[in-house]
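Trainee:
2 protein chains.
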Amino acid sequence: MHPPQWIAAWVLLLHGCATGWPLQGASARTSVRDCSVDPPYLPPTATNTTARLAALRGTMRAHSVHAYIVPSTDAHMSEYIAERDSRLGWLTGFTGSAGTVVVTQDKAALWTDSRYWTQAERQLDCNWELQRTPWIESIGLWILEAVPAEGNISLDPFLFSIDAWNSYSQALHGSGRTLLPIETNLVDQVWGDQRPPPASGEIYSLPAAFTGSSWQEKVAGIRQQMKQHIQRPTAVLLSGLEETAWLFNLRGDDIPYNPVFYSYTLLTNSSISLFVDKRRLAAAARQSLQASCPGPLCVELWEYGQARAQLQYYAQGNVTIWLGTEYTTYGLYSVIPQEKLLEDSYSPIMLAKAVKNAKEQEMLRAAHVRDAVAVIQYLLWLEKMVPQGQVDEFSGAQYIDALRQAQEHSHGPSFQSISASGLNAALAHYSPSNQSSRKLSVGEMYLSDTGGQYLDGTTDITRTVYWGVPTPLQKEAYTRVLMGNIDLSRLIFPPNTAGRVVESFARRALWDVGLNYGHGTGHGIGNFLSVHEWPVGFQSNNVPLTAGMFTSIEPGYYRDGEFGIRIEDVALVVEAQTEHQTGEKPFLTFEVVSLVPYDRNLIDLSLLSPEQIRYLNAYYETIRARVGPELLRQQLEEAYRWLQRSTEPFPLGSAATTVAAATTTLGMLPLASLLSVLLTRLQA
Amino acid sequence: MHPPQWIAAWVLLLHGCATGWPLQGASARTSVRDCSVDPPYLPPTATNTTARLAALRGTMRAHSVHAYIVPSTDAHMSEYIAERDSRLGWLTGFTGSAGTVVVTQDKAALWTDSRYWTQAERQLDCNWELQRTPWIESIGLWILEAVPAEGNISLDPFLFSIDAWNSYSQALHGSGRTLLPIETNLVDQVWGDQRPPPASGEIYSLPAAFTGSSWQEKVAGIRQQMKQHIQRPTAVLLSGLEETAWLFNLRGDDIPYNPVFYSYTLLTNSSISLFVDKRRLAAAARQSLQASCPGPLCVELWEYGQARAQLQYYAQGNVTIWLGTEYTTYGLYSVIPQEKLLEDSYSPIMLAKAVKNAKEQEMLRAAHVRDAVAVIQYLLWLEKMVPQGQVDEFSGAQYIDALRQAQEHSHGPSFQSISASGLNAALAHYSPSNQSSRKLSVGEMYLSDTGGQYLDGTTDITRTVYWGVPTPLQKEAYTRVLMGNIDLSRLIFPPNTAGRVVESFARRALWDVGLNYGHGTGHGIGNFLSVHEWPVGFQSNNVPLTAGMFTSIEPGYYRDGEFGIRIEDVALVVEAQTEHQTGEKPFLTFEVVSLVPYDRNLIDLSLLSPEQIRYLNAYYETIRARVGPELLRQQLEEAYRWLQRSTEPFPLGSAATTVAAATTTLGMLPLASLLSVLLTRLQA
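Residue numbers (this note's numbering), protein chains in the order written: chain P, 23 to 706; chain C, 23 to 706.
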């Protein structure tokens, strides 16, 4: 949801990429374009964009536009988008998940971050400059050079957040150039009937068994918050797709992996307007929404395209409209007079959705038990098949997807499975494709980052495994990543603590020896909603951690050209038991709900503290208690035995011995010398 | 420097208070005002403000002002201010360091944070409302109620930061009321000749032996940065008092404890303008500044009051002016056209000043050795005198001040000494006064937070001691505060890490058992400059930690009505030695330069890990090596013996034993059982 800034390396989330770019196959020299030769060399992966660009430039001239800016998101600032919204992808051929394009009459440039530079050089033709500084200030400077004073710089105001609009505005301020929103999207005009059609699948109600509360209860809760707010908002604008889906307990399939549908909602203190393709609403869904009409709990249905006009009309009254600035577009924001706005980073819907109630928590726990069954089956299968040379990254990903699909309430994967062997895993966001897929081998580390959509919850788990003998560095790095996962998972912290001030606990064991990882440490997750659910997590724009929130915890370590490690669990924020209490509310900690053991072959027990080992053993006991019975119920005896083997408690002695060993190196060895004295006497 | 926001409890720095308010003496009932009785009850500490308020209201009418806002800072956003700038204090009688006042024709209100509520009730008379929500939104709502539409709300634009101006402007936006800057300060008009005169002391050059580099070198470095900046600024505006003092290696005594003087500087790529009371410049200082006149290294001298006009004149050209928005006032900012501004939170001078060069580092280290001598003498003296009942908080503070004064290069304390016994130490910012001072006793914990100004460096150290037998809670809390201090001090972290993401390491040992503290964890410090030197530290608006920065590390624990603990050291950010390296630059860690041992009587060794004990022993070795010889050089043999006693290495055995003990409690006891088997066999 957030474009890369200069802090990109810290904040980027994982699994945001559509296609894998393995470091094998075609040689580096022929796999990327070379525009310096005549004629230019283009790899087969490049797209010829000459005609598209010419058509766009024609439209730009017709609108007196000197530069046109195209982003990679949709009108809801979605992280994953539908093919129909992939305007940047169609125009450029570049399929990375993050980028910005600017086209003038004689230039065309793409800005993207370092994850995608090689991919861009493989997909762009020579019509395009690749720019490696993807922040708006830098794009602004490029525009100032490319566009004459008095020129018009245009964009589709529904595809830019308020912040992005302000930044472009600031970058061009005082330059004589005009930033001009045009509501007709110029790329869509050119794309024409080749553009994929709008989604047409049914929008359906979640069965009551899978909802945490009725939509009427949710509406009442939000209205209560409006009433109690000091600025007395009269309405909340819902422009994030998850917001409307969550509020009404509705789901759709407009976007891959995310069960949401195109919509806006305007929830006022006396009415509810849902903007959506009405024909797609299932009969039961429509019935549920309109059972109380007319009245304050009647949902009035409007066409999706009417949202802006209706909002503008409503904003003429004596009203105050509450919205989340992080994901509301300038196109909607700009129709509301400044003095009628109540701006927060996130709307109260986003915050209510983030804190799961008891039933939602139970559902997410239950989904993770079935999800663990699938992952355990997969790890067992790999153990048997990899030595036979029968598995590659792609077939592995297909197999885990199938195992999940077989679990109750499954609705497919929650994102494109990451299945990466050896050096491919060093690309944190790599996914294999049918065309290019590395064979798994007992001599390489393997990283699997996958998740499922179930009616009761969304899952996301990463395990890294190695069937052969790891090198000392691999074992040390894996162990330190695990120590980081444990240290953050077992942390006790005060209520109202922001994730960003505790995420370093997941890094410290790596930092101790000069290692680190370049991505975020976690993200919220939904009940059959998004796998990346804002605003929960450990990044600077996340809200304070609160009991009832779920977040992933996923430290890693990546060694270019060699291997990659990530250990990811989903955890619930719960109240902690502490000896003392400060303040009125109890302190918090995490309960890990992902229930799959780690690879014993990669753990160097001598690095772990007694507290870490105790924690690990307690976690393994929980796995046995929760997943064991489910494996038996599903008659998966072999997997059950594998689980028992894999969750044997670790001896605490190793840690104690380590202390003694450390003691020895320091030259102060009371316990070690006591032992040695005793042994000597025995021998005597 | 930063007004309290809703996160006040986290960000407030220590020792910001002018007067102590011990919880003894007058009873709670008679020590605060009671405006509900007739006539109102006022304690002797209250000031009669009726005449002052009437005079101010008269001036307001003359200017058609309906509400006048008065802050607690000066025209440089200084943290400590001169008596002459204490407009809020004079008008209200309230002497706390943070507050805002609004006066209308029939109302007068003071906003301050929770640290000062009791103090305000003791100092205000019944002309004043005390408001407990000191954020601008709340002040704005009060103003909207108190001032009719069409009314004028005024303030002195030189006393408000850009951010504060914008916030007031936003709060009144669209309300019909006008926010009107008036350059004549209305309080000063009323204060008249009772207002303390401007500072008149000499402004002098630091001897070359005490400067890190010449002012010409510093100017060249800043001009280099201007040249390399992508936006090509033509000038930097220095409006923080430390900025000008640092740049020119000049010092003055305009503000207590801070060796700075009232000034602004406009440094352009071809000229240097210093705005200051010229007559106060020492001859040598003037000579140093004007040796290269005319030319780009000639400092042109202007009167202090000409700064705004000259800036406005300069801003008419084809220029770009670089400034720090965190501490530049709206009065200066508003004369620069928007498109000629280059805004950063902190100017390049602030950032250059924060990173000490090798010589500055050596000087700060040396100052801390002499400072340790004074503190060690004080701790030894307390050990002997307190059992005799001879010391109270105030006389203690006087004694440590005198000990520092006796050290070479001393220029007095760097802030008002905090000397707090028993329950008084639970007020984190308490300082004793001559009128009210608690006697120190072997039965109470004692907290001493003091610092010195030396020509080569500024120091700040807190030690908490107890001469009797501590309660288990006192000992546990002290030990956990110490563990936090150690854990942050020994942390290894990547370059470019922000303090806010690592400060939790100073809290974790407390968090583990449900304890915490409600203030920040550290702040930058200068070379004979401010004791709180922005922008270094662990708060959200601090810049990333860089080798060469000095910061305090100061976790604490406070128990209302009982006791307070704080352990504060100053540490230098240095490069770390790590087994591996990630990225091009080495990782960083801290070198603690405060060199005074902790109170062994309060340490529960069984809570410390072997790593913590090893760290502590190594630190004590450093103390012995650096301070021991200095004590002998100063012929302080008794103090030398005390130091040797107090820095005896701690046995590592206790920690190892703890592991074994912990092992036992968990029911998995390989090492313990091995021992027991061996012992049994021996007995057999």
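Every residue, glycine too, gets a C-beta built ideally from N, C-alpha and C.
#1: Along chain D, which residues have their Cβ under 7 Å away from the Cβ of tryptophan 533 (chain P)?
#2: Flag aspartate 147 (chain P) as yes if its beta-carbon sits less than 8 Å from any beta-carbon of chain C, otherwise no.
#3: For glutamate 105 (chain C), report the span of its beta strand (DSSP E) as first-last.
#4: Excluding sequence positions up to five away, which residues of its chain have a Cβ less than 7 Å from the Cβ of glutamate 660 (chain P)?
#5: Between alanine 683 (chain C) and chain P, is the shortest Cβ-Cβ distance under 8 Å, so that the two count as touching?
#6: State the Cα-Cα distance for the pair glutamate 172 (chain C) and lysine 362 (chain P), rounded to the nearest angstrom.
#7: For glutamate 576 (chain C), which option in C:Lys375, C:Lys607 and C:Asp471 has the closest C-alpha, if you only look at C-alpha atoms?
#8: On the three-state DSSP scale, how would you describe valine 87 (chain C)?
#9: Would you decide whether alanine 520 (chain P) is buried or exposed? Buried here means 16 or more other CB atoms lie within 10 Å of its CB.
#10: Going by beta carbon distance, what residues of the same chain come within less than 8 Å of arginine 144 (chain P), once the five residues before and after it are set aside?
#11: Taking valine 614 (chain P) and serine 511 (chain P) to be in contact with their CB atoms under 8 Å, please state how far apart those CB atoms are, rounded to whole angstroms.
#12: Serine 526 (chain C) CB to nearest chain P CB: under 8 Å?
#13: Which residue wins for smallest C-alpha separation from proline 516 (chain C), given the options P:Arg529, P:Asp509 and P:Val357?
#14: Give me the Cα-Cα distance between aspartate 210 (chain P) and arginine 217 (chain P), rounded to the nearest whole angstrom.
#15: Quick one: is tyrosine 279 (chain P) buried, meaning 16 or more other Cβ sit within 10 Å of its Cβ, or exposed?
#16: Would you say histidine 24 (chain P) reaches chain C, if we count a Cβ-Cβ gap shorter than 8 Å as a contact?
#17: Using alpha carbons as the reference points, say which of C:Ile635, C:Gln656 and C:Pro619 lies closest to tryptophan 664 (chain C).
#18: Do methionine 571 (chain P) and aspartate 478 (chain P) have their beta-carbon atoms positioned less than 8 Å apart in this structure?
#19: Could you tell me whether the Cβ atoms of valine 298 (chain P) and leucine 333 (chain P) are closer together than 8 Å?
#20: Alpha carbon to alpha carbon, how far is isoleucine 587 (chain C) from leucine 617 (chain C)?
#21: Could you tell me which residues DSSP puts in a beta bridge with phenylalanine 585 (chain C)?
#22: Grab me the residues of phenylalanine 270 (chain P)'s own chain with a C-beta within less than 6 Å of its C-beta, minus the 5 sequence neighbours each way, in chain order.
#23: Put glycine 650 (chain P) into one of helix, strand or coil per three-state DSSP.
#24: Beta-carbon within less than 6 Å of isoleucine 91 (chain P)'s beta-carbon, same chain only, minus the 5 sequence neighbours each way: which residues are those?
#25: Against chain C, which members of the stretch 533–550 of chain P pass a CB distance test of less than 8 Å?
#26: Tell me which residue opens and which closes the beta strand (DSSP E) that tryptophan 556 (chain C) is part of.
#27: Closer than 7 Å, Cβ to Cβ, to anything on chain C: give me those residues from the stretch 592–609 of chain P, in chain order.
#28: For a cutoff of 8 Å on Cβ pairs, would you count histidine 251 (chain P) as touching chain C?
#29: Return the residue from the list C:Leu532, C:Phe612 and C:Gly578 that minimises the CA-CA distance to histidine 602 (chain P).
#30: Using a Cβ-Cβ cutoff of less than 6 Å, which residues in the same chain neighbour proline 93 (chain C) once the five nearest sequence positions on both sides are dropped?
#31: Pull up the CB-CB distance for glutamate 101 (chain C) and histidine 554 (chain C), whole angstroms please, since I reckon it's below 8 Å.
#32: How would you list, in chain order, the residues of chain C whose beta-carbon sits under 7 Å from the beta-carbon of glycine 724 (chain P)?
#33: Can you tell me the Cα-Cα spacing of leucine 132 (chain P) and threonine 140 (chain P), whole angstroms?
#34: Just to confirm before moving on: does the CB-CB distance between glycine 707 (chain P) and tyrosine 190 (chain P) stay below 8 Å?
#35: Between the alpha carbons of valine 413 (chain P) and isoleucine 508 (chain P), how many angstroms are there, rounded?
#36: Using the Cβ count rule (16 or more neighbours within 10 Å means buried), how would you classify serine 136 (chain P)?
Mentor: Walking through what the data contain:
#1: Note that chain D does not occur in the displayed structure, where the protein chains are P and C.
#2: no
#3: Taken as a continuous stretch (DSSP letters only), glutamate 105 (chain C) belongs to no beta strand (DSSP E), as it is neither H nor E.
#4: Leu402
#5: Because the pLDDT at alanine 683 (chain C) is just 41, under 50, the model does not fix this residue reliably, and the value given afterwards should be weighed accordingly. Taking 8 Å as the threshold, the shortest C-beta distance from alanine 683 (chain C) to chain P does not fall below it.
#6: 20 Å
#7: Closest by C-alpha distance to glutamate 576 (chain C), out of C:Lys375, C:Lys607 and C:Asp471, is C:Asp471.
#8: Here valine 87 (chain C) sits in coil by DSSP.
#9: Looking at its Cβ environment, which holds 16 or more other Cβ atoms inside 10 Å, alanine 520 (chain P) is buried.
#10: Trp43, Ser53, Val54, Arg55, Pro65, Thr67 and Ala68
#11: 5 Å
#12: yes
#13: P:Arg529
#14: Each residue's alpha carbon lies about 7 Å from the other.
#15: buried
#16: No answer about histidine 24 (chain P) holds up, because its pLDDT of 26 lies below 50 and its placement is not dependable.
#17: C:Pro619
#18: no
#19: Their beta carbons are not under 8 Å apart, which means valine 298 (chain P) does not touch leucine 333 (chain P) by this criterion.
#20: Whole-angstrom Cα-Cα distance: 18 Å.
#21: C:Arg581
#22: Around phenylalanine 270 (chain P): Trp237.
#23: helix
#24: Once the five neighbours on either side are set aside, the close Cβ partners of isoleucine 91 (chain P) are Val124 and Leu177.
#25: Listed in sequence order: Trp533, Asp534, Val535, Gly536, Leu537 and Asn538.
#26: Membership of tryptophan 556 (chain C) in the beta strand (DSSP E) is indicated by the continuous run 555–559.
#27: Thr600, Glu601, His602, Gln603, Thr604 and Phe609
#28: no
#29: C:Leu532
#30: So the qualifying residues of the chain are Thr122 and Leu181.
#31: 6 Å
#32: This structure leaves residue 724 (chain P) out entirely; chain P is present only between 23 and 706.
#33: The alpha-carbon atoms of leucine 132 (chain P) and threonine 140 (chain P) are separated by roughly 13 Å.
#34: Residue 707 (chain P) lies beyond the range of chain P shown here (23 to 706); nothing can be said about it.
#35: Going from the Cα of valine 413 (chain P) to the Cα of isoleucine 508 (chain P) covers about 31 Å.
#36: exposed
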